[in-house]
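Written out below as structure tokens is the structure these notes cover.
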Amino acid sequence: MPTIVSVDDSTVPGEGSSRLLLLVSSDNKHIVVEEDIMSRSRFISKQVEGFEATSQRHAILLPFSSFVLNKVIEYCSHYRGYYLLEDDPDAAPPGRSPVREWDQEFLDVDRNMLLRIIKAAHYLEIKSLVGSCARAIADMIRGKTTEEMREILGVENDFTPEEEHSPSSKCTG
Amino acid sequence: MAAYLIILRFPEDILLEILTNLDSRSLLICRTTCRRLNRIVSDSVLLQYRIELAACGMVDGRQTLDVAEKLRRLRLYNAAWNEVEWTGHTALPHLANYQPPSMASAGALVFHSATTSHNRSLTALQHVSSKLRCIHEQHIVFPVDVGFNSLIDPSQDLLAYAPRPDP
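Here the protein sequences line up with chains A and B, keeping their order.
Sequence positions in the first sequence follow our numbering and run 1 to 173.
Sequence positions in the second sequence follow our numbering and run 1001 to 1167.
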């Protein structure tokens, strides 16, 4: 959980219909963004509800870098005002994430970046983005051998030799 | 490699979200990579259902049952096939005047009546109920003009109906 620091109200002035939020990344970059862009994030929405209850607005500290945060803001800006079923807290979640062409291009990044984005999206509770990243990661490992999957996932073989040869723990399909 | 993110340290719901996008074969290979992924796949009812469904060559029928119930029925179904024991008997007295079934397809038996009246014979389609596969008993009868051949394939919703060639 990030700690919440109080900031002077004048640094986050309300403007027009959408108010501004101050987000602070782990590398201490201050990013001002319109509140309704970030409303897709359940985490941010809950923070804002908290602000309304106490009528005090704060900066929101986030445990990831500005590089990743900017990427998430880009995603949220693209879908600003769009209804995505997965982000509707009242809708039943779809079985699998739908394929969205824009997301595929947006997530055409290296493996580490993809993992950082999914982690940030999970933290911010943006279900649609978690789903799209999960789909992209699954695309990287689909059809690969055990060794290739270990390489991509950064996983070490921790089976004992007996387990490796027992059919219950090792099924090669 | 310090910058190499270790996916296993991620929360389990992220890993599940990724695995949900995989086919049964990739899931089985994923189980062989390490203990944690092996456990996550085998503990997930949804993923286990997908694997076991594919293993017996079936596809999901989109019944409005929850996945745990689907998996339970799938296992009962597999067990029934492994033991090849009768799980139920259905008497079909209304088919007494029909010839032995001429064909079976997609869970339906096709019967033709032994007698004709008003130049018509009857064809009956009998779906035998199956609790495990969520099939209800259904009985459909329709007349066929004498001199016509009919052929039914319920799996295609197809009825072929053609005049018999003159001898």
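Glycine included, each C-beta is placed from N, C-alpha and C at the ideal position.
As the structure is a computational prediction, the values presented were derived from the model and not from experiment.
Neighbourhood of residue i by C-beta, 6 Å cutoff - its chain only, sequence neighbours within 5 removed
i	result
residue 1159 (chain B)	1152
residue 141 (chain A)	149, 152
residue 1012 (chain B)	none
residue 1032 (chain B)	none
residue 1105 (chain B)	1153, 1154, 1155
residue 1139 (chain B)	1126
Residue interval of the beta strand (DSSP E) (run including residue i)
i	result
residue 1108 (chain B)	1108–1112
residue 1126 (chain B)	1120–1127
residue 83 (chain A)	Residue 83 (chain A) -> no beta strand (DSSP E), and no H or E assigned at all.
residue 1153 (chain B)	1148–1153
residue 1169 (chain B)	Past the edges of chain B, shown from 1001 to 1167, lies residue 1169 (chain B), and the structure says nothing about it.
residue 1142 (chain B)	1138–1145
Straight-line Cα distance separating residue j from residue i
i	j	result
residue 18 (chain A)	residue 75 (chain A)	18 Å
residue 1135 (chain B)	residue 1090 (chain B)	14 Å
residue 1121 (chain B)	residue 1157 (chain B)	21 Å
residue 1131 (chain B)	residue 31 (chain A)	59 Å
residue 44 (chain A)	residue 53 (chain A)	14 Å
residue 1061 (chain B)	residue 1077 (chain B)	14 Å
residue 1103 (chain B)	residue 1141 (chain B)	15 Å
residue 82 (chain A)	residue 1088 (chain B)	53 Å
residue 3 (chain A)	residue 59 (chain A)	Reliability of the predicted coordinates at residue 3 (chain A) is poor, the pLDDT of 44 falling under 50, and no value is obtained from them.
residue 166 (chain A)	residue 160 (chain A)	10 Å
residue 138 (chain A)	residue 1071 (chain B)	23 Å
residue 1163 (chain B)	residue 1119 (chain B)	14 Å
residue 1009 (chain B)	residue 1107 (chain B)	48 Å
residue 37 (chain A)	residue 80 (chain A)	5 Å
residue 1109 (chain B)	residue 1065 (chain B)	27 Å
residue 1074 (chain B)	residue 144 (chain A)	28 Å
residue 961 (chain B)	residue 127 (chain A)	Any answer about residue 961 (chain B) is impossible in this case: the structure gives chain B only from 1001 up to 1167.
residue 105 (chain A)	residue 162 (chain A)	43 Å
residue 49 (chain A)	residue 88 (chain A)	17 Å
residue 1161 (chain B)	residue 1111 (chain B)	15 Å
residue 46 (chain A)	residue 20 (chain A)	15 Å
Closest by C-alpha distance to residue i, when choosing among the options
i	options	result
residue 1155 (chain B)	B:1013, B:1132, B:1125	B:1125
residue 1037 (chain B)	A:71, A:31, A:155	A:155
residue 184 (chain A)	B:1088, B:1008, B:1139, B:1019	Only positions 1 to 173 of chain A appear in the structure, and residue 184 (chain A) is not among them; the question remains open.
residue 77 (chain A)	A:60, A:166, A:39	A:39
residue 1116 (chain B)	B:1056, B:1043, B:1009, B:1144	B:1144
residue 26 (chain A)	A:116, A:163, A:144	A:116
residue 99 (chain A)	A:134, A:126, A:157, A:71	A:134
residue 1052 (chain B)	B:1028, B:1039, B:1035, B:1034	B:1028
residue 1149 (chain B)	B:1133, B:1137, B:1166	B:1166
8 Å Cβ cutoff met for residue i and residue j
i	j	result
residue 119 (chain A)	residue 64 (chain A)	yes
residue 1021 (chain B)	residue 96 (chain A)	yes
residue 1045 (chain B)	residue 1079 (chain B)	no
residue 130 (chain A)	residue 1017 (chain B)	yes
residue 124 (chain A)	residue 114 (chain A)	no
residue 57 (chain A)	residue 51 (chain A)	yes
residue 1054 (chain B)	residue 1026 (chain B)	no
Cβ of residue i within 8 Å of any chain C Cβ
i	result
residue 59 (chain A)	Reference to chain C is not applicable here, since the protein chains of this structure are A and B.
Neighbourhood of residue i by C-beta distance below 7 Å, restricted to the same chain and skipping five residues each side
i	result
residue 94 (chain A)	85, 86
residue 1056 (chain B)	1078
residue 71 (chain A)	117
residue 1092 (chain B)	1126
residue 103 (chain A)	132
Host alpha helix (DSSP H) of residue i (start-end)
i	result
residue 60 (chain A)	No alpha helix (DSSP H) contains residue 60 (chain A), which is instead part of the beta strand (DSSP E) from 58–61.
residue 165 (chain A)	161–165
residue 1046 (chain B)	1045–1055
residue 35 (chain A)	Premise fails: residue 35 (chain A) is in no alpha helix (DSSP H) and is neither H nor E.
residue 1103 (chain B)	It is not in any alpha helix (DSSP H) - residue 1103 (chain B) instead sits in the beta strand (DSSP E) that spans 1103–1105.
Contact set for residue i: own chain, Cβ-Cβ below 8 Å, skip 5 residues either direction
i	result
residue 1096 (chain B)	none
residue 1113 (chain B)	1097, 1098, 1099, 1121, 1122, 1123, 1124
residue 62 (chain A)	2, 23, 24, 25, 26, 69, 120, 123, 124
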